[in-house]
Structures are given as C-alpha cells and as structure tokens.
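Heads up: the structure comes next, in structure tokens.
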C-alpha cells in the first residue's frame, strides 16, 4: 500500500525534469498514436513497488480501505474549502452527502454540482473523493454536493441509480434546506460519470427538470466491454480488464442487464434533449473508446458537447494530484462544467 514515505518519494521522482525522467522510464511509450506522459510512465513502473493503484486480489472491504487510503495521499486539499454533512432522503432511507463551499465567497449564492464518486459502483466513498470535491469546488466556484450512494455487492443495480436520481431531485427541489440556489448540475468520474449520465436520462424520460449541465470524467457507458481500447489497455494501466469484470460482476451480475440503458447509457434508444455536456477521456484508458462514443452520440443528437481527450494520461488521472499538472487538470475540468451552466 502506498504509504506516506512512498508518496513523498514518488512525488519527488515524478517532479523531476523530463531529461532526468528518461533514464528511469527507458524511452517513450506510445499506443494508438498517443504518447504516455513520462511522469505517468514512471508511476506505472512504481506501481508494483508502491501499490499506488490496482485492485486485483483482496476482499471488497480491503479494496475499499485501500482506495480511501491511497486517495488521501494522492491529492492535496485546498484549505479554504469547508464541508458539512448532509442527510439526503430517498425511497430506501436516508443516505449521506457532503456539501462543499469556499468560505471566501462569504454570503454569495453559487450554483451547485451534485457529484458521484468513481470506484466501479463497489469501492469509493465520500472520503476517497473528498480532496477531489474540494478541488472541484475551487475550480468551478460552485458548491459541490457529494453523494454516498449505495454500493454493490451489498446493493447491486439499480440501487446506485435510484440513490443518484433521488439525490439530484432532492438537491434541485429543496435548495433552501442546504442554502443553495436552484441551479444544479451533475458530475462524476468513471462509475460516477456513468451515474451522472444515467441521472440525466432518467429525469428526462420522466418529463422532469433536467440538470443544467453534466460533466462526465472518463465515464463507463457500455458494460458489454467490447471496445478496442479495452483490448489495448487490458493490463498495466491502473484500471485492468480484470478489475472491470470484477466490478461489473458485483454491480450487474446478470449479463442480460448489461444492455439496459440505465447500465449502459451509450446503448439508450434516444440521446436527445439531454443537458449540455462536458466529457473527458484519457488516451491510455480502457474506457476511452466508450467515452468518446458517448460524446459523439450526444453530438449527433443535437446536444452541445465539450470534449477533450487527455491523450497522455491513464484512467484515474483526475484524482492524481501527485502528478505534475494534476491539480490544474481537475480544476480546469470543474471550470469547464461551470462554463456550461447558464446562470448569472
């Protein structure tokens, strides 16, 4: 497991100038015309020694603890962002949320981003993404409300979807209870990006008021897992095919549901009338192709789409403040979501 000594060592090594990194990484690494950032390449080499990432082996509980422990060490926390616990009512009982606000704003009202954490619908929680949400608050100049949705295997599909939809609707419809304006967007990374996309579809299909924008960070959009990028990056890039199959097996154990639009939003029959969308993918990510395909199907359906592929990055880069430029990237993505929100 990455410990504090390992983190300090890795941070110093990853911050070396590129000419000094080259001897450590043994040359450039390119796939599909994309070249991996040298610092990321070094991190992949350090992975086995420091256990920075990877989830193969171990119980669900062990993996959950490892994700929280590693995440706390990988992203710095802005000191000017305050948080408070929020209780969110759902049809299955209350779930926890965490509201973030920059105390430098004073009494000014800001829009809100409802955030769904990644972790394959199995791992990840409010603590694993605490620093990420603080950075998003800073980058967007918006409130952030992180949602502790129910996870598999204890609560397989559709529990996470039900909680995510309920959390968005409650935030949108009860702004006075948490002292926010009515303007609400959704955002998430990986499995959380999947949930953000599904929330928008569910409320649209219900004829309900949509999020004013959605931000999808390397989202999972097709759980059939048959894209070329899954084959190209099946192993050795933090998120492996084996990891993905393990997550899918816990979240959606019935293969007949893999095509369900609330599981695989790319496969929905209709992508019209969804919110303005920002989608970010990574060049060395198994989920790259399905994220890019989702951006394209939204564009084809008339949805305003801001798309960027960070061609030199791997899955999970938005949580890797330890990398050079890591904090800048997550703040820039947050700012881009805020730019899609049509509020004064």
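In my numbering, the protein residues as written are 1366 to 1709.
Built from N, CA and C at the ideal position, the CB exists for glycine as well.
Quick caveat: nothing in here was measured; it's all calculated off a predicted structure.
**OP:** Whole angstroms is fine: what's the gap from residue 1629's alpha carbon to residue 1655's?
**Re:** 10 angstroms
Subject >> Three or more C-beta pairs below 8 angstroms linking the segment 1672-1679 and the segment 1607-1618 >> reply: no
Original post:
Roughly how many whole angstroms lie between the Cα atoms of residue 1490 and residue 1515?
Top reply: 9 angstroms
Original post:
Which residue spans inside the segment 1427-1502 form an unbroken alpha helix (DSSP H) run of at least 4?
Top reply: none
Original post:
Should residue 1412 and residue 1446 be called a contact, given that it needs their Cβ atoms to be closer than 8 angstroms?
Top reply: no
Original post:
Would residue 1593 be called buried (16 or more neighbouring beta carbons within 10 Å of its own) or exposed?
Top reply: exposed
Original post:
Should residue 1526 go down as buried or exposed, given a rule of 16 or more other Cβ atoms within 10 Å for buried?
Top reply: buried
**OP:** Using a threshold of 8 angstroms, state whether the C-beta atoms of residue 1455 and residue 1536 are closer than that.
**Re:** no
**OP:** Excluding the 5 residues preceding and the 5 following residue 1546 in the sequence, name in chain order all residues of the same chain whose CB lies nearer than 8 angstroms to its CB.
**Re:** 1474, 1475, 1476, 1477, 1540 and 1708
Subject >> Bridge partners - residue 1672, DSSP secondary structure assignment >> reply: 1644
**OP:** Taking 8 angstroms as the cut-off, decide whether the C-beta atoms of residue 1681 and residue 1598 are in contact.
**Re:** no
Original post:
When DSSP labels each residue in this structure, what does residue 1424 get in the three-state scheme?
Top reply: coil
Original post:
Is the distance from the Cβ of residue 1511 to the Cβ of residue 1498 below 8 angstroms?
Top reply: yes
Original post:
Secondary structure at residue 1706, three-state DSSP: helix, strand or coil?
Top reply: coil
Subject >> Whether residue 1556 touches residue 1484 by CB criterion (8 angstroms) >> reply: yes
Original post:
Are at least three pairs of beta-carbons, each pair with one atom in the segment 1583-1593 and one in the segment 1642-1653, less than 8 angstroms apart?
Top reply: yes
Original post:
Can you name, in chain order, every residue of its own chain whose Cβ lies under 8 angstroms from the Cβ of residue 1463, other than the five neighbours on each side?
Top reply: 1448, 1449, 1450, 1451, 1491, 1495, 1498, 1510, 1511 and 1513
**OP:** Report the residue from 1617, 1662, 1554 and 1632 whose alpha carbon sits nearest the alpha carbon of residue 1519.
**Re:** 1617
Original post:
Distance, Cα to Cα, residue 1558 vs residue 1646?
Top reply: 11 angstroms
Original post:
In angstroms, rounded to a whole number, what distance separates the CA positions of residue 1544 and residue 1392?
Top reply: 53 angstroms
Original post:
Which one or two residues does DSSP pair with residue 1579 in a beta bridge?
Top reply: 1551 and 1642
Subject >> Which of helix, strand or coil DSSP assigns to residue 1627 >> reply: coil
**OP:** Specify the secondary structure class of residue 1617 as computed by DSSP and reduced to three states.
**Re:** coil
Subject >> Buried versus exposed call for residue 1336 [16 or more other C-beta atoms within 10 Å across all chains shown] >> reply: There is no way to answer for residue 1336, as the model of the chain reaches only from 1366 to 1709.
Subject >> Simplified DSSP assignment, three categories, for residue 1522 >> reply: coil
Original post:
Any idea if residue 1500 is buried or exposed, counting beta-carbon neighbours within 10 angstroms, 16 or more meaning buried?
Top reply: buried
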